[in-house]
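**Q**
Numbering (the numbering used here), first residue to last: 3 to 185.
#1: Alpha carbon to alpha carbon, what distance is there between residue 44 and residue 36?
#2: State the DSSP-derived secondary structure class of residue 98, mapped to helix, strand or coil.
#3: When you compare only the Cα positions, how much space is there between residue 136 and residue 86?
#4: When we look at the beta-carbon of residue 47 and count the other beta-carbons within 10 Å, is it buried (16 or more) or exposed?
#5: Helix, strand or coil for residue 77 per DSSP?
#6: Check whether the Cβ atoms of residue 153 and residue 177 sit closer than 8 Å, and answer yes or no.
#7: Grouping DSSP H, G and I as helix and E and B as strand, with all else coil, what is residue 37?
#8: Apart from the five residues on each side of it in sequence, which residues of its chain come closer than 8 Å, Cβ to Cβ, to residue 68?
#9: From this set, 165, 57 and 174, which residue's C-alpha is nearest residue 119's C-alpha?
#10: Tell me whether the stretch 76-84 and the stretch 14-32 touch, counting them as touching only if at least three CB pairs, one residue from each stretch, are closer than 8 Å.
#11: So for residue 165, helix, strand or coil by DSSP?
#12: Please return the same chain residues whose Cβ sits closer than 6 Å to the Cβ of residue 103, not counting the five positions on each side in sequence.
#13: Using a Cβ-Cβ cutoff of less than 7 Å, which residues in the same chain neighbour residue 27 once the five nearest sequence positions on both sides are dropped?
#14: Any idea what DSSP makes of residue 115, helix, strand or coil?
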C-alpha cells in the first residue's frame, strides 16, 4: 500500500518558485527538497526530473499571473485605469533586484529548451490575452496587450540590470506613458 502524501504538488511547486527567486536556474532538486522539507525522491516521483518540475511550474504560474491581473484591474471602474493596474500587476512578483535577476535568468534558461519555450509561449499568450481584453475595454489598439506585456518584460530586464528605485514605480511610469500616448 502506498504511503499517503503529506505535501501537495502545489506546496512543492511553491517551494520551487521560492528557490528559483533565491538561486536562479542553478538550483538543484536537492535545494528545492530542502526548502519543502521533503526528500529528493518526492520530487523525482512526482515530476520525474528538474525539467519535469519546471514544466509543471507553468500552469500555476500562469494562473497566478492571470489572477494578479484580474484582481488589480477589478479595483478600478475606469477601463484605462484597470488596464494600467493589470499591466503592472503582471510583474508585481519581481519585487527586488535579486529576485528579478534570478527569475529572468530562469527565463533565459527556459528559452534554450524547446519544451519550456512552448510552455513559456502559452504563458505569454495567456497574459497578453488578459491585457488585450482590458485594452479593448479601454478602447485602445488591438496590439496593446502584446505591446504592454513586451514593455513590462523589457522594463523588468533593464531594471534588474540597473535597479534604481522600485520596479513597480518604473512600470507604472513606462506603462502609463504608453497608454497616455495612445489616448
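By construction, the Cβ of each residue, glycine as well, lies at the ideal position given by its N, Cα and C atoms. Please read these numbers as outputs of a predicted model, since none were measured by experiment.
**A** Inspection of the coordinates gives the following:
#1: To locate residue 36, count along the chain shown from 1; it is residue 34. To locate residue 44, count along the chain shown from 1; it is residue 42. Residue 36 and residue 44: Cα-Cα distance of roughly 11 Å.
#2: Taking the first residue of the chain shown as 1, we reach residue 98 at position 96. Of the three classes helix, strand and coil, the one that applies to residue 98 here is coil, per DSSP.
#3: Reading the chain shown from its first residue, position 134 is the one you call residue 136. Reading the chain shown from its first residue, position 84 is the one you call residue 86. If I take the Cα positions, the gap works out to 9 Å.
#4: For the purposes of this step, residue 47 is taken as the residue at position 45 of the chain shown. By the 10 Å Cβ count, residue 47 comes out exposed.
#5: Position 75 of the chain shown, counted from the first residue, corresponds to residue 77. The answer is coil: DSSP assigns residue 77 none of H, G, I, E or B.
#6: Counted from its first residue, the chain shown places residue 153 at position 151. Counted from its first residue, the chain shown places residue 177 at position 175. Against a cut-off of 8 Å, the Cβ pair of residue 177 and residue 153 comes out as a contact.
#7: In the chain shown, the residue the question calls residue 37 occupies position 35. Residue 37: helix per DSSP, three-state reduction.
#8: Taking the first residue of the chain shown as position 1, residue 68 is located at position 66. 128, 129 and 132, listed in sequence order.
#9: In the chain shown, residue 119 corresponds to position 117, counting from 1. The shortest Cα separation from residue 119 among 165, 57 and 174 belongs to 57.
#10: no
#11: By 1-based counting over the chain shown, the position of residue 165 is 163. Reduced to three states, the DSSP call for residue 165 is coil.
#12: Stepping through the chain shown from its first residue, residue 103 is reached at position 101. The answer, listed in chain order, is 162.
#13: As a working note, residue 27 is residue 25 in the chain shown. For residue 27, where only same-chain residues beyond five positions count, the Cβ hits under 7 Å are 107, 108 and 111.
#14: Locating residue 115 in the chain shown gives position 113, where the first residue counts as 1. If DSSP states are grouped into helix, strand and coil, residue 115 belongs with coil.
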